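For reference, the structure discussed in these notes is given below.
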Amino acid sequence: MSDKLKDAKIIFVVGGPGSGKGTQCEKVVAKYGYTHLSSGDLLRAEVGSGSERGKQLSAIMQRGELVPLDTVLDMIKEAMIAKADVSKGYLIDGYPREVKQGEEFEKKIGAPSLLLYIDAKAETMVSRLMKRGETSGRADDNEETIKKRLDLYYKATEPVIAFYEGRGIVRKIDSEGAVDVVFSNVAKAIDGLK
Ligand SMILES: Nc1ncnc2c1ncn2[C@H]1C[C@H](O)[C@@H](COP(=O)(O)OP(=O)(O)OP(=O)(O)O)O1
Ligand SMILES: Nc1ncnc2c1ncn2[C@H]1C[C@H](O)[C@@H](COP(=O)(O)O)O1
Ligand SMILES: [Mg+2]
């Protein structure tokens, strides 16, 4: 466990592709001033840097697969440490994607106090992602990759929710409604932490 992060308030934000994790995190940042770290955004920044590692990551992400655990965990830890002196709490968006990622995070960084499970129907997620793909420029916002990301979500990531349910820290948020309605429930879950 890292000393600099030992008392950090950590919130995992988990949900399917296009469920609205990033959208809700932005609103949490605006209301609570927490630090938002999206594993996908960190990886896309590495891809955007044009580095050799970025090229390898880009190919994996275009296929809708998961990048190696160590790569993504090191990136998150580095980004957390960079904000440790000023952060009021961390929203870890898009991580853990599988139970092993949660276990390794806890060994190397610390334990989450809340897991926000952003839940939407598959058809809602697909239609949101297809719409986002019209402008996002994301190489994975296309029909073929969306299907793979969804399949992987149900297979690898849903067990993460069951794992943390056993600890009583999961708050399921219905993400089918309007953004502000969803956020009112996100805010209730966060307020329940204090
Ligand atoms: N409650 C909502 N109602 C309608 N549209 C929404 C809602 N929440 C998000 N959206 C839109 C914004 C985006 O264009 C799209 C996907 O949302 P976003 O927050 O980017 O999802 P996400 O972060 O879970 O996806 P990913 O896992 O692909 O990064 O849907
Ligand atoms: N936690 C992660 N582990 C492995 N791979 C990841 C993780 N977070 C993001 N990725 C890769 C694979 C995803 O399909 C893309 C996009 O992520 P997103 O959260 O949808 O922005 O990045
Ligand atoms: Mg996102």
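According to my numbering, the sequence shown is numbered sequentially starting from 1488.
Built from N, CA and C at the ideal position, the CB exists for glycine as well.
None of the values given here were measured: they were computed from a predicted structure.
| Asked | Found |
| --- | --- |
| The region 1597-1611 in contact with the region 1545-1562 per 3-pair CB rule at 8 Å | no |
| Proximity below 8 Å, CB of residue 1581 to CB of residue 1647 | no |
| Integer-rounded CB distance, given that residue 1637 should sit under 8 Å from residue 1504 | 6 Å |
| Contact set for residue 1616: own chain, Cβ-Cβ below 7 Å, skip 5 residues either direction | 1504, 1505, 1628 and 1633 |
| Per-residue DSSP class, three states only, for residue 1521 | coil |
| Identity of the residue in 1576, 1677, 1540 and 1672 nearest residue 1559 by Cα | 1540 |
| Burial state of residue 1587 (16 or more Cβ within 10 Å) | exposed |
| Span separating the alpha-carbon of residue 1545 from that of residue 1635 | 15 Å |
| Per-residue burial, residue 1618 [other beta carbons within 10 Å of its own, 16 or more giving buried] | exposed |
| Supposed close pair residue 1500, residue 1579 - CB separation, criterion 8 Å | 7 Å |
| Beta bridge counterpart(s) of residue 1568 as assigned by DSSP | None; residue 1568 has no bridge partner. |
| Check: residue 1628 C-beta below 7 Å from any heavy atom of ligand 3 | no |
| Closer than 7 Å: residue 1504 CB and nearest ligand 2 heavy atom | yes |
| Residue 1526 versus 1561, 1549 and 1517, residue with shortest Cα-Cα distance | 1561 |
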